[in-house]
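Read through the structure below, which is laid out as structure tokens, and then see the notes.
Number of protein chains: 2
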Amino acid sequence: MTTRDYPEMLPDDNTIFWENERIFNRTPFYLVKCYYHNTEKIPINMHSHIFYEINIVTKGNGRHYLNEHNYSAHEGCVFVIPPYVRHGYWAKGNMEIFHILLHKDFMIRYSNELANLSGFVLLFEIEPFIRLCSNEDMFLKLDGERIEKLKEELEDLDFLQKCDYPGKEIMKISKTLYVLATLSNYISREQFRKLESPADSYTVAVMRCMEYIYQNMGEKLYIDSLCSMFNMSRSCLFRSFKKICRMTPIQYQLKCRIDKARFLLEFTDNPIQDIALECGFFDCSHFSKVFKNEVGDIPTKYRDKCRKSSTTDDHSYRMECFV
Amino acid sequence: MTTRDYPEMLPDDNTIFWENERIFNRTPFYLVKCYYHNTEKIPINMHSHIFYEINIVTKGNGRHYLNEHNYSAHEGCVFVIPPYVRHGYWAKGNMEIFHILLHKDFMIRYSNELANLSGFVLLFEIEPFIRLCSNEDMFLKLDGERIEKLKEELEDLDFLQKCDYPGKEIMKISKTLYVLATLSNYISREQFRKLESPADSYTVAVMRCMEYIYQNMGEKLYIDSLCSMFNMSRSCLFRSFKKICRMTPIQYQLKCRIDKARFLLEFTDNPIQDIALECGFFDCSHFSKVFKNEVGDIPTKYRDKCRKSSTTDDHSYRMECFV
Numbered sequence: 013m014t015t016r017d018y019p020e021m022l023p024d025d026n027t028i029f030w031e032n033e034r035i036f037n038r039t040p041f042y043l044v045k046c047y048y049h050n051t052e053k054i055p056i057n058m059h060s061h062i063f064y065e066i067n068i069v070t071k072g073n074g075r076h077y078l079n080e081h082n083y084s085a086h087e088g089c090v091f092v093i094p095p096y097v098r099h100g101y102w103a104k105g106n107m108e109i110f111h112i113l114l115h116k117d118f119m120i121r122y123s124n125e126l127a128n129l130s131g132f133v134l135l136f137e138i139e140p141f142i143r144l145c146s147n148e149d150m151f152l153k154l155d156g157e158r159i160e161k162l163k164e165e166l167e168d169l170d171f172l173q174k175c176d177y178p179g180k181e182i183m184k185i186s187k188t189l190y191v192l193a194t195l196s197n198y199i200s201r202e203q204f205r206k207l208e209s210p211a212d213s214y215t216v217a218v219m220r221c222m223e224y225i226y227q228n229m230g231e232k233l234y235i236d237s238l239c240s241m242f243n244m245s246r247s248c249l250f251r252s253f254k255k256i257c258r259m260t261p262i263q264y265q266l267k268c269r270i271d272k273a274r275f276l277l278e279f280t281d282n283p284i285q286d287i288a289l290e291c292g293f294f295d296c297s298h299f300s301k302v303f304k305n306e307v308g309d310i311p312t313k314y315r316d317k318c319r320k321s322s323t324t325d326d327h328s329y330r331m332e333c334f335v
Numbered sequence: 013m014t015t016r017d018y019p020e021m022l023p024d025d026n027t028i029f030w031e032n033e034r035i036f037n038r039t040p041f042y043l044v045k046c047y048y049h050n051t052e053k054i055p056i057n058m059h060s061h062i063f064y065e066i067n068i069v070t071k072g073n074g075r076h077y078l079n080e081h082n083y084s085a086h087e088g089c090v091f092v093i094p095p096y097v098r099h100g101y102w103a104k105g106n107m108e109i110f111h112i113l114l115h116k117d118f119m120i121r122y123s124n125e126l127a128n129l130s131g132f133v134l135l136f137e138i139e140p141f142i143r144l145c146s147n148e149d150m151f152l153k154l155d156g157e158r159i160e161k162l163k164e165e166l167e168d169l170d171f172l173q174k175c176d177y178p179g180k181e182i183m184k185i186s187k188t189l190y191v192l193a194t195l196s197n198y199i200s201r202e203q204f205r206k207l208e209s210p211a212d213s214y215t216v217a218v219m220r221c222m223e224y225i226y227q228n229m230g231e232k233l234y235i236d237s238l239c240s241m242f243n244m245s246r247s248c249l250f251r252s253f254k255k256i257c258r259m260t261p262i263q264y265q266l267k268c269r270i271d272k273a274r275f276l277l278e279f280t281d282n283p284i285q286d287i288a289l290e291c292g293f294f295d296c297s298h299f300s301k302v303f304k305n306e307v308g309d310i311p312t313k314y315r316d317k318c319r320k321s322s323t324t325d326d327h328s329y330r331m332e333c334f335v
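Quick note, the sequences are listed as chains R and S, same order. Okay, so the first sequence: first residue is 13 according to my numbering, each after it adds one. Okay, so the second sequence: first residue is 13 according to my numbering, each after it adds one.
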């Protein structure tokens with residue numbers, strides 16, 4: 013066995029939490045920022061931020077760190093870092109990554125468009141979650157023709173980021189939506205591929221199952237329907253689910269509901285009643301009880317604290333809540 | 013002088029008014045339809061429709077008919093047909109046009125994005141209006157490199173229109189926004205070009221002036237400010253304005269206000285009071301009086317009739333109102 017030639021952990025970055033203000037200007041429609049990042053020249057130690065980050069490895073190879081895990085990454089790998097997740101990069105061989113950073117207002121403004129992309133939940137929610145909890149990387153990996161075609165779009169994005177056309181923000185936003193739609197489409201079809209080993213096929217079935225649970229988080233979950241839908245026995249479903257996401261399907265559904273509720277409480281002014289129903293709780297009192305149990309505060313208090321911490325730029329409250 | 017080798021007028025199409033239903037499916041996000049159209053093989057006689065149509069001539073040359081006018085068009089010409097405007101195509105030399113048809117819901121859903129494109133008003137409002145009223149064509153004309161680059165995007169759009177990817181509608185929408193942003197950017201910079209003759213420079217000044225009036229239709233209009241802003245004497249401003257758009261600046265502002273009010277009445281549920289203020293009227297009663305004078309009905313009655321005509325698919329009311 014060869015000796016490991018990369019560090020097992022990365023130290024913290026000087027700034028461990030990056031604010032929106034560090035990244036995005038305050039002009040209207042400044043919702044996307046993107047750039048090439050040579051990880052050898054500028055290694056990035058562990059940090060987190062409030063925005064989503066899409067990474068496309070365009071050259072070389074290296075490692076990607078996430079909490080206590082790390083993963084090898086090479087040209088064509090695509091992965092998403094959700095808000096508040098600690099991560100960093102380390103270059104073994106001149107790894108170049110194209111970063112696309114999405115302001116939370118991007119996610120809110122285009123939530124309908126994104127929800128209509130078939131692989132979006134796999135790319136933005138499920139793959140990052142699996143990586144976080146079980147050290148398995150299910151990166152989307154693009155081969156020759158697909159990565160070359162994508163690189164052309166990234167060149168355009170890079171050009172738009174640097175130029176000062178009037179209307180360039182809208183061009184950047186529309187091109188970003190196009191890239192996200194392309195990637196979602198790829199990951200969606202990727203998961204449909206017939207895989208070699210039965211172990212892989214279980215993984216794919218669990219990912220599909222998680223996607224189904226996510227997309228139907230407002231509905232009651234019937235384990236028997238899941239089994240027949242994904243063609244697995246009850247015990248196989250529970251075993252595979254536990255292996256891949258360290259929880260049962262019902263626990264995963266609860267996590268989806270709580271995550272969505274936190275997002276809606278924090279970033280919208282929707283009434284608590286509406287949020288409760290949208291996230292699949294019976295009523296406000298059921299929502300309040302479960303939410304307090306999981307997050308530590310009742311919904312109204314959580315919303316208040318988030319608003320306060322966002323005016324004082326102190327994100328420690330939200331980061332504490334983020335598991 | 014050579015004899016004219018094209019008809020002075022085109023006959024009516026079999027269907028003179030095309031419904032949304034003829035063009036767009038009812039699936040969610042089905043907001044864009046696009047295709048190549050060989051005008052020699054399929055000539056299109058005079059017709060109109062409820063949606064915006066963007067035309068990019070990708071090959072050959074021919075003629076484009078608009079009410080009683082007609083214009084020569086060749087590869088690289090870009091022009092927009094607004095809703096309810098009678099138009100048709102006639103091919104002299106195998107003219108191929110790429111059509112992009114935009115459902116009214118596209119214009120509503122992305123109105124903020126479109127309003128942030130600097131040349132958008134020139135492309136979608138002012139150039140088509142000038143063509144309608146003074147037989148002058150100010151087409152955007154793309155030269156070699158720009159039309160070649162654009163053709164690649166149109167190929168992608170054509171592919172997306174024909175394929176059945178999941179999420180392809182979002183890809184089509186995002187690519188369409190990108191194309192519109194590119195064209196708006198071109199026409200905006202085009203108008204800044206130093207033009208040869210003084211006559212041309214007046215035309216450009218008037219177009220800029222119209223753009224300013226459109227974008228500030230909610231404000232009171234001061235002719236002296238316009239004169240100093242666009243470096244024209246009062247008499248020159250009035251003369252050039254009259255020549256190009258057959259009305260005075262104040263009349264043009266009123267037209268913009270009425271058009272916007274009609275759109276908001278027809279396609280949104282915004283309260284009359286809000287529409288009045290947004291369109292630059294003092295209050296509801298001022299709005300009502302002016303609107304009745306111009307359109308023939310008070311705003312509430314206009315809205316009711318539009319809603320009724322849209323359920324019965326009888327567009328004659330709206331077409332009558334359209335000047």
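C-beta atoms are modelled at their ideal positions from N, C-alpha and C, and glycine is treated no differently. All figures in this text were calculated on a predicted structure; none of them were measured in a lab.
### Message
According to DSSP, is TYR214 of chain S part of a helix, a strand, or is it coil?
### Response
If you number the second sequence from 1, residue 214 of chain S lands on position 202. Helix.
### Query
Using the rule of at least 16 other Cβ atoms within 10 Å of the residue's Cβ for burial, across every protein chain shown, is ASP17 of chain R buried or exposed?
Translated into the one-based positions of the first sequence, residue 17 of chain R becomes position 5. Counting Cβ neighbours within 10 Å, ASP17 of chain R comes out exposed, since fewer than 16 surround it.
#### Entry: Three-state class that DSSP yields for ILE54 of chain R in the structure shown
On the first sequence, residue 54 of chain R is found 42 positions in, with the first residue counted as 1. Coil at ILE54 of chain R, not helix or strand.
### Query
To the nearest angstrom, how far is it from the Cα of LEU215 of chain S to the Cα of SER146 of chain S?
Your numbering for residue 215 of chain S matches position 203 in the second sequence. Your numbering for residue 146 of chain S matches position 134 in the second sequence. First, the amino acid is wrong: residue 215 of chain S is Thr here, not Leu. Distance between the alpha carbons of THR215 of chain S and SER146 of chain S is about 12 Å.
### Message
Using a Cβ-Cβ distance cut-off of 9 Å, determine whether LYS180 of chain R contacts chain S.
### Response
Taking the first sequence and counting its residues from 1, one reaches residue 180 of chain R at position 168. Interface residue, yes.
### Query
Any beta-carbon of chain S closer than 9 Å to the one on PHE118 of chain R?
If you number the first sequence from 1, residue 118 of chain R lands on position 106. With 9 Å as the cut-off, PHE118 of chain R does not count as an interface residue toward chain S.
### Query
Assuming PRO23 of chain S contacts ASN57 of chain S under a Cβ cut-off of 8 Å, what Cβ separation, rounded to an integer in Å, is found between them?
Start at 1 with the first residue of the second sequence, and residue 23 of chain S comes out as number 11. Start at 1 with the first residue of the second sequence, and residue 57 of chain S comes out as number 45. With 8 Å as the limit, PRO23 of chain S and ASN57 of chain S qualify as a contact, their Cβ atoms being about 5 Å apart.
### Message
Less than 9 Å between the beta carbons of TYR101 of chain R and TYR77 of chain R, yes or no?
### Response
One-based indexing of the first sequence puts residue 101 of chain R at position 89. One-based indexing of the first sequence puts residue 77 of chain R at position 65. Yes; because the gap between Cβ atoms is below 9 Å, this pair is in contact.
### chain S contacts from the stretch 208 to 238 of chain R (Cβ-Cβ distance under 7 Å)
none
### Query
Going along the stretch 118 to 141 of chain S in order, which residues come within less than 7 Å of chain R, judged by CB to CB distance?
GLU125, ASN128, LEU129 and SER130
#### Entry: Other residues of its chain near ARG315 of chain S: CB distance less than 6 Å, five sequence neighbours each side excluded
As a position in the second sequence, residue 315 of chain S is number 303, starting the count at 1. Hits under 6 Å: LEU277.
#### Entry: Length at least 4, wholly inside the stretch 147 to 227 of chain S: the alpha helix (DSSP H) runs in chain order
Counting whole runs of 4 or more residues, the stretch 147 to 227 of chain S contains the alpha helix (DSSP H) stretches 156 to 174, 180 to 204 and 210 to 227.
### Task
Rounded to whole angstroms, what's the CA-CA distance from LYS184 of chain S to LYS304 of chain R? Just pull it up for me.
Start at 1 with the first residue of the second sequence, and residue 184 of chain S comes out as number 172. Start at 1 with the first residue of the first sequence, and residue 304 of chain R comes out as number 292. When rounded, the distance between both Cα atoms is 43 Å.
### Task
Measuring only between beta-carbons, confirm whether LEU289 of chain S sits less than 9 Å from chain R.
To locate residue 289 of chain S, count along the second sequence from 1; it is residue 277. Contact of LEU289 of chain S with chain R is not assigned, every C-beta pair being separated by 9 Å or more.
### Task
Quick one: using the 10 Å Cβ neighbour count with 16 as the cut-off for buried, is ILE256 of chain R buried or exposed?
In the first sequence, counting from the first residue as 1, residue 256 of chain R sits at position 244. So ILE256 of chain R ends up on the buried side.
### Beta-carbon spacing of VAL69 of chain R, CYS46 of chain R below 9 Å
Stepping through the first sequence from its first residue, residue 69 of chain R is reached at position 57. Stepping through the first sequence from its first residue, residue 46 of chain R is reached at position 34. CYS46 of chain R is positioned such that its CB atom lies no closer than 9 Å to that of VAL69 of chain R.
### Query
By DSSP, does ILE28 of chain S sit in helix, in strand, or in coil?
As a first step, residue 28 of chain S is located in the second sequence; it is residue number 16 there, counting from the start. Looking at ILE28 of chain S - three-state DSSP - the assignment turns out to be strand.
### Query
Applying a beta-carbon distance threshold of less than 7 Å, which residues of chain R neighbour ASN197 of chain S?
As a working note, residue 197 of chain S is residue 185 in the second sequence. Those within 7 Å of ASN197 of chain S in chain R are TYR177, PRO178 and GLY179.
### Message
Is there a C-beta anywhere in chain S that falls below 9 Å from the one on ILE185 of chain R?
### Response
Taking the first sequence and counting its residues from 1, the one referred to as residue 185 of chain R is at position 173. With 9 Å as the cut-off, ILE185 of chain R counts as an interface residue toward chain S.
#### Entry: Terminal residues of the alpha helix (DSSP H) in which ILE310 of chain R lies
Position 298 of the first sequence, counting from 1, holds the residue named residue 310 of chain R. Premise fails: ILE310 of chain R is in no alpha helix (DSSP H) and is neither H nor E.
### Task
Compare the Cα-Cα distances from HIS81 of chain R to each of R:VAL97, R:ARG34 and R:GLN173 and report the closest residue.
Start at 1 with the first residue of the first sequence, and residue 81 of chain R comes out as number 69. Comparing Cα-Cα distances from HIS81 of chain R to each of R:VAL97, R:ARG34 and R:GLN173, the minimum goes to R:VAL97.
### Message
Taking the alpha-carbon of GLU165 of chain S as reference, which of S:ALA193, S:ARG143 and S:GLY179 has the nearest alpha-carbon?
### Response
Taking the first residue of the second sequence as position 1, residue 165 of chain S is located at position 153. Of the candidates S:ALA193, S:ARG143 and S:GLY179, the one whose C-alpha sits nearest the C-alpha of GLU165 of chain S is S:ALA193.
### Task
For LYS71 of chain R, write down the residues that DSSP places opposite it in a beta bridge.
Sequence index remark: in the first sequence, residue 71 of chain R carries index 59 (1-based). Beta-bridge pairing links LYS71 of chain R to R:GLU108.
### Query
Near LYS163 of chain S, which residues of its chain fall below 7 Å by C-beta distance, leaving aside the five closest residues on each side in sequence?
Locating residue 163 of chain S in the second sequence gives position 151, counting from the first residue. Here the set comprises THR70.
### Query
Where does PHE36 of chain R sit, in a helix, a strand or coil, going by DSSP?
Here the question's residue 36 of chain R lines up with position 24 in the first sequence. Coil.
### Residue burial classification, PRO311 of chain R (beta-carbon count within 10 angstroms, cutoff 16)
As a position in the first sequence, residue 311 of chain R is number 299, starting the count at 1. Buried, because 16 or more other Cβ atoms sit within 10 Å of the Cβ of PRO311 of chain R.
### Task
Along the beta strand (DSSP E) that carries ILE262 of chain S, what are the first and last residues, could you check?
Against the second sequence, residue 262 of chain S aligns to sequence position 250. Unbroken run through ILE262 of chain S is the alpha helix (DSSP H), 261 to 279; no beta strand (DSSP E).
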